[in-house]
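Undergrad: These protein sequence lines are chains A and B, in that order. Position 45 of the first sequence, counting from 1, maps to 26 under the numbering used here, and the rest follow consecutively. Position 276 of the second sequence, counting from 1, maps to 1180 under the numbering used here, and the rest follow consecutively. Beta carbons are placed, not taken as given, at the ideal position from N, Cα and C, and that holds for glycine. Please find one structure pasted underneath; my questions will follow.
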Amino acid sequence: MLLAIKRYFRKDLIPLLADLRLAIALLLAIALFSISGTIIEQGKSLAFYQENYPTEPALFGFVSWKFILIAGLNHVYSTWWFLAILILFGASLTACTFARQITALRWFSRTWNFYSQPRQFGKMALSTELEGYSIEALKQQLGDRRYKIYEKATEEIAQETAQETTEKTVEETTKERLEPDLINHEAPKMLYAHKGLVGRIGPIVVHASMLLILLGAIVGAMTGFFAQEMVPSGETFRIQNIFEAGPWAAPQVPKDWSVRVNRFWIDYSPEGRVDQFYSDLSVLNDEGTELKRKTIHVNEPLRYKNVTLYQADWAVGAVKVRLNNSPVFNLPMAPLNTESGKLWGTWVPTKPDMSEGVSLIAQDLQGTLLLYNMQGQLASTVREGGSTQANGVTLFLDEIIGSTGLQIKADPGIPIVYLGFGLLMIGVMMSYVSHSQVWALQIADRLYVGGRTNRAQVSFERELLGLLDELTASDSRSQPDEPVLAAIASTQ
Amino acid sequence: MDTVSLNLASLTLADLESWLDNASFAVLFVTMLAYWGGLAFENVKILPVIGGAGMAIGNLCLAALLTARWIEGGYFPLSNLYESLFFIAWGITAMHFVAERMSGSRWVGAVTSPVAMGISAFAALTLPDAMQVSEPLVPALKSNWLMMHVSVMLLSYSALMVGALIAIAFLIVTRGQAVELKGSSVGTGGFRNRKYQLKKAEPVSPQPTVSTEKMTLSSSGGTAVLEAPAMLTTAVITTANAGVKTEPKTPATVLSPQRLTLADTLDNISYRIIGLGFPLLTIGIIAGAVWANEAWGSYWSWDPKETWALITWLVFAAYLHARITKGWQGRRPAILAASGFVVVWICYLGVNLLGKGLHSYGWFF
């Protein structure tokens, strides 16, 4: 039974998963479904979809709100089928890495890829045969171009071939067996040179790092959490408003410390544009002792024990006002829904029985409040630290208090994801390198040279022809009077 | 007095910018005509030279324009559509030189120059003036990551576009033919074409295959196919290779290199330039992800822009894999690469039509 499963994996499943056509189909499928998520609005209310995607007439005859909701197109990236494709993609990546790439690498990194037969050179597009040039001069040229060179005399390889016969297929062995008439001559020399093996390792690193990123994302989704808090300047809070958490996120949620917002403020440019938001935060333990303090802004978060606090939003939190000789009232401000930007407002009674009052409206933290009377007309404005008359009462505006909107998260998957990012960047750069291989065989005064590369055919052609050109131009020839070289470029 | 001289300085800088953006458009327009003329009239040797010079001047104009912006704004000039368009145009002209150097083909200029010209025309002439002015950065963009992320992304767009354009040129050159590809991570090329080898047996007769026709066309232009090294071309066949066994059907002939054709060259250069753009895209996306994680706590949030960057990445990844797939040889991967051109444009501009978010450069509405 177990054997049958193992056999199924080896013979059927892994070859299927490692099939490149499947990989390409998956890449394009992920792309296609991702596109749908950028066209159909994500995470809106039911009413939104009902309004924008009516059943009659449905878009293209079938895209109605019902279809969208059933297929999960309102949250494509977290539907079971999208995640299933991602998992299949991960499986394909894994299978491909082990079944194809590592086997290929093993082949290319071996050092005995010698060619001992002239006809083997005939298979390569870029191969030539020269007369009167030695393999030594070629070695010099290859060395100058930073090739790694391996050499063997044919006797050696003959022995080696004999030893390896047991491991090789009959076909391979016959291919490498020497033709008898060659052995009678003085020992032919063989050369194998290559450079850019890193280009063969690159794709493996790319695939492995992508698996790491997927793994890190899964770890993050399982053990991380997201929270948001809107906190007025001066208050202390615990992280409670968690809106997204994985099943094993509980240990990450801080229980023995809280955060105090010492101050929140906005820097405005002279034109009144927001320059930057700042929150001066202190991390406090249960006794109220400060453990860490930092002023954060967008692009500069606070980190404490796996938890990170980001400057994400802001609001007008409250106003401190006095009426005539009253004590200071701290009135919370409520956000008002308007079409043109954000507004915050509160209401202040001006009579003890609350039969009259004024509305206080703020549009930013630049220090000005607008006062509206009971009829909804603009009565006056007041600056921070100033006062104004309202319904016969003097209203002092002591302070406009801002609230900081903090995004809080813990993601234990981050180190894995970042490791994956780092390796992926290295891997893709490695993958640009072309693996170039050059073979040479010298039989008496005849030198066969051939080469191929996996990526940069044009540059390699230039390099190899340039190399041969230099070789023939240099004085390394043994018999200078004979025709230089028996080759014609096929273009002529 | 101080303020007056400052105004004067900024005025001249702005003047210089508007002069430079028009100049780059005009120069690239001439460049395009020169390259197209060069393709149409192969005997006029001066045209590709004009094209190359025009591309170089255009490149310098764009670089000067961006530098002036940098001085004026005080930050790396990549904050709005106008600046990013000129950066992309600059990137395309730069990548053009990489591709032209690699391939030596005038086809490269013929496809890159119209796009570079089109982008600078759009930015200089069509964009409303209000969108051309340099504006202060919003808080979210005030980070060193801006330069790292955006410049790498735009460079990758440029490289991918140039690669896709050369793929289009390849499709034009090989229309109606079956082609075998050269160059992939496993190395599909590099082996001798059997048909070719048999043809080779007839010593001097011109080879009637279609690819060879294209090749002669290009070699008469003297650019697309590399000049064979002098020693090689002047060499003479002398010895009937005694002792060398060849396949029975092939008459005894001396081995010589089989050269790449124009189609091979274009295809391979397209692959190499996309191969250059792909790591840049990867690094750009990762830089963006790390920045997002540092700035607001999430390295991936399926924002339309980042989703489209991922889609672009996936399409070109599919292209790179299509090249090593049996049964997918020939023109099909090139068609995928050419469609990548559209995807890059949607990623770069189209997303801003769909939605807002941190990635909007501002648009007409």
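Is DSSP giving A:Val186 helix, strand or coil here?
TA: Translated into the one-based positions of the first sequence, residue 186 of chain A becomes position 205. Looking at A:Val186 - three-state DSSP - the assignment turns out to be helix.
Undergrad: For the candidate residues B:Ile1177, B:Asn926, B:Leu1029 and B:Ala918, whose alpha-carbon lies nearest to that of B:Glu976?
TA: Within the second sequence, residue 976 of chain B is the residue found at index 72, counting from 1. Ranking the options by Cα distance to B:Glu976, first place goes to B:Ala918.
Undergrad: Between the beta-carbon of B:Asp1168 and the beta-carbon of B:Ala1028, is there less than 9 angstroms?
TA: Within the second sequence, residue 1168 of chain B is the residue found at index 264, counting from 1. Within the second sequence, residue 1028 of chain B is the residue found at index 124, counting from 1. Against a cut-off of 9 angstroms, the Cβ pair of B:Ala1028 and B:Asp1168 comes out as no contact.
Undergrad: Within its chain, find whatever has a CB closer than 6 angstroms to the CB of A:Pro330; leave out the 5 residues flanking it on each side and keep chain order.
TA: In the first sequence, residue 330 of chain A corresponds to position 349, counting from 1. Gly338, listed in sequence order.
Undergrad: Could you tell me which of B:Leu989, B:Leu932, B:Thr1186 and B:Leu1069 sits nearest to B:His1053, measuring between CA atoms?
TA: The sequence position of residue 1053 of chain B within the second sequence is 149, counting from 1. Of the candidates B:Leu989, B:Leu932, B:Thr1186 and B:Leu1069, the one whose C-alpha sits nearest the C-alpha of B:His1053 is B:Thr1186.
Undergrad: Would you say B:Leu917 reaches chain A, if we count a Cβ-Cβ gap shorter than 9 angstroms as a contact?
TA: Start at 1 with the first residue of the second sequence, and residue 917 of chain B comes out as number 13. So no, B:Leu917 is outside the interface.
Undergrad: Any beta carbon of chain A sitting closer than 9 angstroms to that of B:Ser1055?
TA: For the purposes of this step, residue 1055 of chain B is taken as residue 151 along the second sequence, with counting starting at 1. No, B:Ser1055 does not count as interfacial toward chain A.
Undergrad: What are the boundary residues of the beta strand (DSSP E) that includes A:Arg364?
TA: For the purposes of this step, residue 364 of chain A is identified with residue 383 of the first sequence, where counting begins at 1. Per DSSP, A:Arg364 belongs to the beta strand (DSSP E) from Leu359 to Arg364.
Undergrad: For chain A, is any of its Cβ atoms less than 9 angstroms away from the one on B:Gln1162?
TA: In the second sequence, counting from the first residue as 1, residue 1162 of chain B sits at position 258. For B:Gln1162, the answer is yes, since a Cβ of chain A falls inside 9 angstroms of its Cβ.
Undergrad: At what residues does the beta strand (DSSP E) containing A:Leu262 begin and finish?
TA: Taking the first sequence and counting its residues from 1, the one referred to as residue 262 of chain A is at position 281. Here the beta strand (DSSP E) through A:Leu262 covers Val255 to Asn266.
Undergrad: So A:His175 and A:Lys129 are in contact, right, with Cβ under 8 angstroms, and what is the actual spacing, rounded?
TA: Here the question's residue 175 of chain A lines up with position 194 in the first sequence. Here the question's residue 129 of chain A lines up with position 148 in the first sequence. The Cβ separation is near 6 angstroms, so the contact holds.
Undergrad: From the DSSP output, which residues share a beta bridge with A:Glu380?
TA: For the purposes of this step, residue 380 of chain A is identified with residue 399 of the first sequence, where counting begins at 1. BP columns for A:Glu380 point to A:Lys301.
Undergrad: In three-state DSSP terms, what is A:Arg158?
TA: Counted from its first residue, the first sequence places residue 158 of chain A at position 177. Its pLDDT being 49, under 50, A:Arg158 is placed unreliably in this model, and the coordinates cannot settle the point.
Undergrad: Touch check for the region 95 to 112 of chain A and the region 418 to 433 of chain A: three-plus C-beta pairs under 8 angstroms?
TA: Enough Cβ pairs lie closer than 8 angstroms, so yes.
Undergrad: Just checking: is the beta-carbon of B:Thr1143 within a distance shorter than 9 angstroms of some beta-carbon in chain A?
TA: Along the second sequence, read from residue 1 onward, the residue named residue 1143 of chain B stands at position 239. Unreliable placement is indicated for B:Thr1143, whose pLDDT of 33 sits below 50; no coordinate value is reported for it.
Undergrad: Taking the continuous beta strand (DSSP E) assigned at A:His278, which residues delimit it?
TA: Within the first sequence, residue 278 of chain A is the residue found at index 297, counting from 1. Here the beta strand (DSSP E) through A:His278 covers Glu271 to His278.
Undergrad: Ignore the nearest five residues each way along the sequence and tell me which others in B:Trp898's own chain have a CB closer than 7 angstroms to its CB.
TA: Because residue 898 of chain B is not part of the residues shown, which for chain B are 905 to 1269, the question remains open.
Undergrad: Specify, as a first and last residue, the run of the beta strand (DSSP E) that A:Asp248 falls within.
TA: The residue you call residue 248 of chain A lines up with position 267 of the first sequence. Element bounds for A:Asp248: Trp238 to Tyr249.
Undergrad: Run the CB neighbour count on A:Tyr429, radius 10 Å, all protein chains shown included, and call it buried at 16 or more, exposed below.
TA: The sequence position of residue 429 of chain A within the first sequence is 448, counting from 1. That one is buried.
Undergrad: With 9 angstroms as the threshold, decide whether the Cβ of B:Gly1201 is near any Cβ in chain A.
TA: The residue you call residue 1201 of chain B lines up with position 297 of the second sequence. Yes - at least one Cβ of chain A is within 9 angstroms of the one on B:Gly1201.
Undergrad: Using C-beta distances below 7 angstroms, list every residue in its chain close to B:Val1015, excluding the 5 sequence neighbours before and after it, in chain order.
TA: As a working mapping, residue 1015 of chain B is identified with position 111 in the second sequence. So the list reads Leu1069, Ile1070, Ile1072 and Ala1073, once near-sequence residues are dropped.
Undergrad: Where do the N-terminal and C-terminal ends of the beta strand (DSSP E) with A:Gly434 fall, by residue?
TA: Along the first sequence, read from residue 1 onward, the residue named residue 434 of chain A stands at position 453. Residue 434 of chain A is actually Thr in this sequence, not Gly. Arg427 to Thr434 is the span of the beta strand (DSSP E), which, as asked, contains A:Thr434.
Undergrad: Just how far apart, CA to CA, sit A:Ile223 and A:Pro235?
TA: Here residue 223 of chain A refers to the residue found at position 242 of the first sequence. Here residue 235 of chain A refers to the residue found at position 254 of the first sequence. Distance between the alpha carbons of A:Ile223 and A:Pro235: 12 angstroms.
Undergrad: Can B:Ala1003 and B:Cys965 be called in contact, C-beta distance under 9 angstroms?
TA: Residue numbering aside, residue 1003 of chain B sits at position 99 when the second sequence is read from its first letter. Residue numbering aside, residue 965 of chain B sits at position 61 when the second sequence is read from its first letter. No; because the gap between Cβ atoms is not below 9 angstroms, this pair is not in contact.
Undergrad: Short of 8 angstroms Cβ to Cβ, which residues in the region 10 to 40 of chain A face chain B?
TA: Of all residues in the region 10 to 40 of chain A, Ile11, Ala12, Ser15, Ile16, Gly18, Thr19, Ile20 and Gln23 have a Cβ within less than 8 angstroms of some Cβ in chain B.
Undergrad: Given that a residue counts as buried once 16 or more other Cβ atoms are within 10 Å of its Cβ, and exposed if not, what is A:Gln82?
TA: One-based indexing of the first sequence puts residue 82 of chain A at position 101. Buried.
Undergrad: Identify every residue that forms a DSSP beta bridge with A:Met314.
TA: Here residue 314 of chain A corresponds to residue number 333 of the first sequence, with the count starting at 1. Paired residues: none, contrary to the question.
Undergrad: Starting from the C-beta of B:Lys921, find all residues in its chain whose C-beta is less than 7 angstroms away, skip the five residues before and the five after it, and write them out in chain order.
TA: As a first step, residue 921 of chain B must be located in the second sequence, where it is residue number 17. Here residue 921 of chain B turns out to be Glu, not Lys, going by the sequence shown. For B:Glu921, where only same-chain residues beyond five positions count, the Cβ hits under 7 angstroms are Leu969, Ala972 and Arg973.
Undergrad: Against chain B, does A:Phe102 count as a neighbour if the rule is that its beta carbon must be under 9 angstroms from one of theirs?
TA: Mapped onto the first sequence, residue 102 of chain A falls at position 121. Chain B, which has a Cβ nearer than 9 angstroms to the Cβ of A:Phe102, makes this yes.
Undergrad: Output, in chain order, the set of chain A residues within a Cβ distance shorter than 9 angstroms of B:Ala1044.
TA: Start at 1 with the first residue of the second sequence, and residue 1044 of chain B comes out as number 140. Near B:Ala1044 (Cβ distances below 9 angstroms), the residues of chain A are Val279 and Asn280.
Undergrad: In chain A, which residues lie with their C-beta within 9 angstroms of the C-beta of B:Arg1182?
TA: Your numbering for residue 1182 of chain B matches position 278 in the second sequence. The amino acid occupying residue 1182 of chain B in the given sequence is Phe; Arg does not appear at that position. Per Cβ cutoff of 9 angstroms: Val409, Ser412 and Tyr413.
Undergrad: Residues in its own chain within less than 7 angstroms of A:Leu196 by CB, not counting five upstream and five downstream?
TA: Working through the first sequence from its first residue, we reach residue 196 of chain A at position 215. Contacts found: Ile397.
Undergrad: So A:Phe258 contacts chain B; which residues on that side make the cut at Cβ distance below 7 angstroms?
TA: Here residue 258 of chain A is taken as the residue at index 277 of the first sequence, counted from 1. Within chain B, the residues near A:Phe258 are Pro1043.
Undergrad: Under 9 angstroms between C-beta atoms, does B:Met1006 make it to chain A?
TA: In the second sequence, the residue the question calls residue 1006 of chain B occupies position 102. At least one chain A Cβ lies under 9 angstroms of B:Met1006.
Undergrad: Taking DSSP's pairing of strands, which residues face A:Arg284 in a bridge?
TA: As a first step, residue 284 of chain A is located in the first sequence; it is residue number 303 there, counting from the start. A:Arg284 pairs with A:Thr289.
Undergrad: Determine the extent of the alpha helix (DSSP H) in which B:Leu1170 is found, giving its start and end residues.
TA: For the purposes of this step, residue 1170 of chain B is taken as residue 266 along the second sequence, with counting starting at 1. Its alpha helix (DSSP H) spans residues Leu1166 to Trp1200.
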